[in-house]
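The structure appears below as structure tokens.
If you want it as structure tokens, here you go:
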């Protein structure tokens with residue numbers, strides 16, 4: 001099940017019928033895509049991604065995720081994508097105690113205290129504004145412990161070369177105690 005796709009669609013207030021009509025496909029076919037029973041062609045994936053503001057590679061990540069999981073699952077590195085509203089559209093290897101897909105459609109303020117979130121939000125907004133890659137050390141409180149993360153942020157583009165969001169890679173650089 002592509003629960004993340006359903007969450008993104010509902011966040012926009014769209015029905016399956018509406019998204020399907022914008023993609024020029026049948027609603028039943030879209031429902032199969034959303035339920036994970038069908039994998040869309042690249043053309044359809046790009047249309048859906050443009051409509052719902054995410055990178056179309058999300059449809060295919062399950063096919064390629066195993067090597068990443070094997071390499072990174074026990075390391076303190078998190079990768080994310082978010083849209084222009086800074087709502088998460090993809091998360092890999094979250095350092096917090098919940099499923100990555102639970103974060104889809106949420107903003108950092110829904111997850112963490114403002115005092116820890118403001119710096120990350122400012123970094124992402126700067127990347128969107130300038131279109132440049134940025135990096136910053138950002139402190140987060142995880143499981144009651146403050147941790148420092150070296151966070152890289154870069155713009156995400158659609159096929160029209162318009163910025164549609166921000167990708168981040170964050171690595172815990174706190175000293176091991």
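In the UniProt record's numbering, the protein residues as written are 1 to 177. Cβ coordinates follow ideal geometry from the N, Cα and C atoms, glycine included. Since this is a predicted model, take the numbers as computed values, not measurements.
Quiz item: What's the gap between the Cα of residue 57 and the Cα of residue 43?
Solution: 12 Å
Practice problem: With DSSP collapsed to three states, give me the class of residue 163. | Solution: strand
Self-check item: Option nearest residue 85 by Cα separation, candidates 38, 150 and 53
Solution: 53
Exercise. Give the straight-line distance between the Cα atoms of residue 75 and residue 22, rounded to the nearest whole angstrom.
Key: 40 Å
Exercise. Could you say which of 93, 20, 82 and 110 lies nearest to residue 72 if we only look at CA atoms?
Key: 93
Quiz item: With which residues is residue 141 paired in a DSSP beta bridge?
Solution: 146
Quiz item: CA-CA distance, residue 153 and residue 142?
Solution: 20 Å
Quiz item: Measuring CB to CB, does residue 103 end up less than 8 Å from residue 151?
Solution: no
Quiz item: Okay, do the region 25-37 and the region 103-113 touch, 3+ Cβ pairs below 8 Å being the bar?
Solution: no
Practice problem: For residue 169, write down the residues that DSSP places opposite it in a beta bridge. | Solution: 79 and 152
Quiz item: residue 134 and residue 126: beta carbons closer than 8 Å?
Solution: yes
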